[in-house]
Amino acid sequence: MKLSLFSPLPPSHTDIANSTARILPALASKFNLSVYSENQDWSPKLNRFGEISTFTSDNIDWKRLNLGGIPLYQIGNNIHFHGEIIRVARRCPGIVVLHDMAMHETILNLCLLKGGGRSRYFEILHKYCGEEGVAAGRAFLDEKGTDINTLSTGYPLFEYIIENAIGVITHNPLNAGKIRMSTNAPILYAPLPFVETHLMAKPVHRSQRESDPYRILIFGFLGGSNRRLHPFLKALASSSVRERFVLTIAGKYPDPEIRKWVEELGLTTQVDFKGFVTDDELDSLLETSDLVPNLRWPSMGESSGTLLRIWNYSLPCLVTDTAFYSTLPDNTIALVNPSREEMDIHGHLESFVKNPNVYFKMGEAGRRYLESQHSAEAFTKHLENFLPEVIRTKARIYPQIFGRQLVNSFLSDYPDPSARHSLLSRCARELSEWA
Amino acid sequence: MRILITTTHVPFVDGGAETHARSLRKALEDKGHEVDIAQIPFKWYPPQRIHEHVLACRLLDLQESNGCTIDKVIGLKFPAYHVRHPNKSIWILHQFRTAFEMWGSEHCDLSPHPQGRAIRDSIDSVERALLPEARTLFANSQTVADRLKTHCGIGATPLYHPPMNANEFHAGEYGDYLYFPSRLNKWKRQMLALEALAQTHQPVNIRFSGLPDDPSFQESLEARARELGVTRRVAFLGRVPFEEMIHQYANAKAVLFIPEQEDYGYITLEAMLSSKAVITCTDSGGPNEFIRNGKEGFVCEPDAGAIARAMDEAWASRNFAIEAGKSAMIRYMEMDITWNHVVDSLLK
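For the record, the sequence lines run as chains A and B. Residues 77 to 511 (the working numbering) make up the first sequence, in order. Residues 1404 to 1751 (the working numbering) make up the second sequence, in order.
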């Protein structure tokens, strides 16, 4: 069966790119793949999994896409990696893999940077969030108090992304219910895939140490305040066992700002800055680390590719007790309550020093969970089972699109309002018989 | 009975479909019925227009007209055959082909559109949902019936009808040209005929009659003829009066008709009524329901070389041209291709 996959690819600095690259082998084993990416370049070793081509929404071979099997759109909250994918997905119905529920910032940027401007933004807000949403958006744009995270939490706008989808995949079981309220398309919850099982890391054995410090690693795209880097540094600095730990920070982050925090907190001798590292370098760091905080607050509705990398190396992980992370088995993660964040971090650091084996066993349980739930083969199987349902129901989607166009183009300004209402009812009855 | 024939019409284009509707009307009137034709304008581009026209057809009330009941509706073309009526028969000339057998082909103007596949899926769904509303469902030919079954899983009975003025066609001489009457467009493959002509060894001549759908297409045919060095062996007669067409058929050596996946093809039947062998192709669709290779003409691969060989053989053997022509006429008679049969079937 053919499948047209839209995704950023490495070397794009996004977890979704890495995730796609890892699952391509499993997907290619079951599907005849065409891969579309905004990337101008990608690792040549990916070419053997399918034909890869660059595209933009203004420059894409629609015929090739229409003949190339069902489109599968990897969509996350970042205009740089997903803006063009979103524009194609809204025009050519396919399956949306919705990595983030809070898509507000990306949609705002799409309107402001790629067409439509403020009026289009307010139109979208009005459609999905009413006057209240428009007021909040206006307040944000006029810099009157709201911040983007609060705006995104209150008005996520994922509905705009999935409006024309013929299927939706979510990696977070908590999201399926909310998505269900916004679409008639079939919905699949499938755990975020990692990699084929045989490609997972070799088992790592960790043990208690009496003198050498334990190694904490924080990595990823750390620029957002929701990654809780500053709160963790503060908690570490004020912990009673701070001397038992050293911290490595790797990834993309505002270097001067973080170095200033570290200096102010007196952690300079304990923190090592690595900057952006290659995959292999990150794997080495993971292999030699003992504990990884992966805190997220507020949640953007995401699942976590970062957590899967952590589990791959059987590492214990501190996560915020919210959203997706709250759904994980208790024995695989160490929870931090966001309302008492510093206290809980202190508690975990002290417990770790007292009895690290408890945490090491947690990491091993995480690894077992990764193998059973998050392998690339498991995801491919989920997708294979999902496609027949999508194919059965996809013909329903166009009448809905057509119905909206009908209302917008013809009926909204029909001269007689009372006739407009009856025409609308009549058309709705008619369209319901078509699928 | 008061019978309304519903069909679509592309303004300013008058072709086989319009002729068909008028012929059916006459046949029904000859049987004493009161008949009218509702021609619903149809525009299929941009693709969003398609569903608008389907909806427009569905919203029409054709149960009565001017205070009198319309007893029966006979629908002929998409989307006009989807009008609502409690006593409807559908006699499918053809479905919306670019959504079905022409999907993805070079002639398909739907697949290059961003919503092309979604619209195609939806058209398929509409056909499956609404065609079964008809009390009886016929297809213009076995080719059309087979496509309907393949793409939509719906069965239809082939129902053949004669071409217009069937009685006027007759045999004449077996002259010095092959006759290729048809609208000039890519689907009829006049270009392929020129390519084949260039490969013949016999002094074959071809007379094309019919208007181009797009004026530039004839220019491109003429240019290609020049490139191939066959200009003196082809003639573009344009639109010819009916009497002239009868004459061209009557005195042709054989008829050349090599369309791609023709639904039916009056040309084949007109040739048979003129006692002419037909050269057609394996993928020509409708003509293959009447012409058997070596009997009523030649059925060859859609390849310039193969067509050239068939043209050479028809040209070289006057005997074959005559015998195959006679076989064609006999076969036509045996198949009961009459309006009586059509009317009886539609009104049963």
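Ideal placement from N, C-alpha and C gives every residue a C-beta, glycine not left out. Computed from a prediction, not measured in an experiment: that's the story for all the values here.
Run through chain B and tell me which residues come within less than 7 Å of residue i, C-beta to C-beta.
| i | result |
| --- | --- |
| A/N142 | S1514, G1519, R1520 |
| A/R256 | Those do not exist, as A/R256 stays about 21 Å from chain B at its closest Cβ, beyond 7 Å. |
| A/K139 | S1514, P1515 |
| A/P169 | A1521 |
| A/Q481 | Q1451 |
| A/C503 | L1458 |
Below 7 Å between beta carbons: does that hold for residue i and residue j?
| i | j | result |
| --- | --- | --- |
| A/F234 | A/L227 | no |
| B/K1434 | B/V1681 | no |
| A/N142 | B/S1514 | yes |
| A/G381 | A/D91 | yes |
| A/F478 | B/H1485 | no |
| B/F1583 | B/I1609 | yes |
| B/T1603 | B/D1715 | yes |
| A/D176 | A/G152 | yes |
| A/T408 | A/L371 | no |
| A/N240 | A/R291 | no |
| B/W1718 | B/Q1593 | no |
| A/L309 | A/W337 | yes |
| B/A1574 | B/S1730 | no |
| B/T1671 | B/F1693 | yes |
| A/G145 | A/L81 | no |
What in chain B is Cβ-close to residue i, meaning under 8 Å?
| i | result |
| --- | --- |
| A/N477 | Per the sequence shown, the amino acid found at residue 477 of chain A is Ile instead of Asn. Within 8 Å Cβ-Cβ: Q1518, A1521. |
| A/K470 | A1521, D1524 |
| A/E506 | L1458, R1461, L1462 |
Starting from residue i, trace the beta strand (DSSP E) both ways and give me its first and last residue.
| i | result |
| --- | --- |
| A/T370 | For the record, residue 370 of chain A in the displayed sequence is Asn; it is not Thr. Element bounds for A/N370: 368-370. |
| A/P147 | 146-151 |
| B/E1437 | 1437-1444 |
| A/I245 | 243-246 |
| A/G523 | Any answer about residue 523 of chain A is impossible in this case: the structure gives chain A only from 77 up to 511. |
| A/F349 | 347-351 |
| B/V1745 | B/V1745 -> not in any beta strand (DSSP E); alpha helix (DSSP H) instead, spanning 1742-1750. |
| B/G1507 | Per DSSP, B/G1507 belongs to no beta strand (DSSP E) and is neither H nor E. |
| B/G1689 | Unbroken run through B/G1689: none, as it is neither H nor E. |
| A/L394 | 393-396 |
Over the uninterrupted alpha helix (DSSP H) stretch that includes residue i, give me the two end residues.
| i | result |
| --- | --- |
| A/I99 | 91-106 |
| A/Y236 | 234-238 |
| A/R385 | 381-388 |
| B/A1724 | 1721-1737 |
| A/L312 | 305-313 |
| A/A410 | Looking at the DSSP string, A/A410 is not in any alpha helix (DSSP H); the run it does join, the beta strand (DSSP E), is 410-412. |
| B/L1463 | That residue, B/L1463, is in no alpha helix (DSSP H); it is neither H nor E in DSSP. |
| A/L358 | 355-363 |
| A/A252 | 251-256 |
| A/I136 | Per DSSP, A/I136 belongs to no alpha helix (DSSP H) and is neither H nor E. |
Give the residues of chain A in contact with residue i, contact being defined as C-beta atoms less than 7 Å apart.
| i | result |
| --- | --- |
| B/V1529 | W510 |
| B/H1454 | F478 |
| B/A1574 | Correct list: empty, because the minimum Cβ distance to chain A is about 47 Å. |
Identify the residues that DSSP records as bridge partners of residue i: which are they?
| i | result |
| --- | --- |
| A/Y112 | A/F82, A/S129 |
| B/H1497 | B/K1480 |
| B/S1468 | B/C1471 |
| A/Y265 | A/T246 |
| A/K328 | A/F297 |
| A/K121 | Per DSSP, none; premise fails for A/K121. |
| B/L1407 | B/D1439, B/V1476 |
| A/V280 | In the DSSP output, where bridge partners are listed per residue, A/V280 has none listed. |
| B/H1412 | B/P1444 |
| B/F1639 | B/F1611 |
| A/I292 | A/L323, A/L367 |
| B/A1657 | B/L1581 |
| B/V1681 | B/V1658, B/G1700 |
When you measure from the CB of residue i to every non-hydrogen atom of the ligand FMN, does any distance come out below 6 Å?
| i | result |
| --- | --- |
| A/V429 | In terms of ligand content, the structure shown is empty, and the ligand FMN therefore cannot be addressed. |
Please compile the residues from chain A whose C-beta is within a distance smaller than 9 Å of the C-beta of residue i.
| i | result |
| --- | --- |
| B/G1507 | K139, N142, L143 |
| B/A1532 | E509, W510, A511 |
I want to verify the contact list: residues of chain B whose CB lies under 9 Å from the CB of residue i, in sequence order.
| i | result |
| --- | --- |
| A/I473 | A1521, D1524, S1525 |
>> For a minimum of 3 consecutive residues, which ranges assigned as the beta strand (DSSP E) are wholly contained in the segment 1522-1558 of chain B?
In response: If only complete runs of 3 or more residues are kept, the segment 1522-1558 of chain B shows the beta strand (DSSP E) at 1539-1542, in order along the chain.
>> Give the list of continuous beta strand (DSSP E) stretches no shorter than 3 residues that lie fully inside the segment 425-509 of chain A.
In response: The beta strand (DSSP E) runs of length 3 or more contained entirely in the segment 425-509 of chain A do not exist; there are none.
>> Ignoring anything shorter than 4 residues, give me the alpha helix (DSSP H) runs that lie fully in the segment 1576-1635 of chain B, in order along the chain.
In response: Runs of the alpha helix (DSSP H) inside the segment 1576-1635 of chain B: 1593-1600, 1618-1631.
> Enumerated in chain order, which unbroken segments of the beta strand (DSSP E) with a length of 3 residues or greater are wholly contained in the segment 144-204 of chain A?
Replying inline: Within the segment 144-204 of chain A, the complete beta strand (DSSP E) runs of at least 3 residues are 146-151, 171-174.
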